[in-house]
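Asks: Taking the UniProt record's numbering, the leading residue of the sequence shown gets 1, the next gets one more, and so forth.
Just so it is clear, CB atoms sit at the ideal spot from N, CA and C, and this is done for glycine as well.
Just dropping this structure here.
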Amino acid sequence: MSRLELLGKNIAKFRQQKNLSQEKLAELVNLSREYITRVERGQKNISLKKLFAIADALDVEFCLLTNFK
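Encoded structure:
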């Protein structure tokens with residue numbers, strides 16, 4: 001599994017723990033639902049700026065999203 005796929009899985013995991021839909025997360029970070037879907041599938045190379053925004057919206061430390069262990 002690639003690092004992008006692992007990152008996407010972590011984002012999806014924390015999003016689901018917060019009971020947020022992809023649509024709601026997208027709204028919170030001013031992105032499209034399609035973009036969030038592609039990130040969670042590991043199909044999009046996301047910028048750090050957008051990744052920080054997602055971490056803030058999910059109220060998790062950035063390092064937790066990038067912890068692949």
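1. Decide if E61 is buried, meaning its Cβ has at least 16 other Cβ atoms within 10 Å, or exposed.
2. Under the rule that 16 or more other beta-carbon atoms within 10 Å means buried, what is L65, buried or exposed?
3. With distance defined between alpha-carbon atoms, name the residue in V39, L48, Q17, K69 nearest to L58.
4. Note down the Cα distance separating L51 from L6, rounded to an integer number of angstroms.
5. Please tell me whether A12 and E40 are closer than 9 Å, where the distance is taken between their beta carbons.
Replies: On the basis of the data shown:
1. Stepping through the sequence shown from its first residue, residue 61 is reached at position 61. In the assembly as shown, E61 is an exposed residue. Its beta-carbon has fewer than 16 other beta-carbons within 10 Å.
2. Numbered from 1 along the sequence shown, position 65 holds the residue referred to as residue 65. Buried: at least 16 other Cβ atoms inside 10 Å.
3. Here residue 58 refers to the residue found at position 58 when the sequence shown is read from its first residue. If we check each option's Cα against that of L58, Q17 comes out closest.
4. Here residue 51 is taken as the residue at index 51 of the sequence shown, counted from 1. Here residue 6 is taken as the residue at index 6 of the sequence shown, counted from 1. Annotation: L51 to L6 spans about 14 Å, alpha carbon to alpha carbon.
5. Position 12 of the sequence shown, counted from the start, is the residue given in the question as residue 12. Position 40 of the sequence shown, counted from the start, is the residue given in the question as residue 40. For the 9 Å CB-CB criterion, A12 and E40 form a contact.
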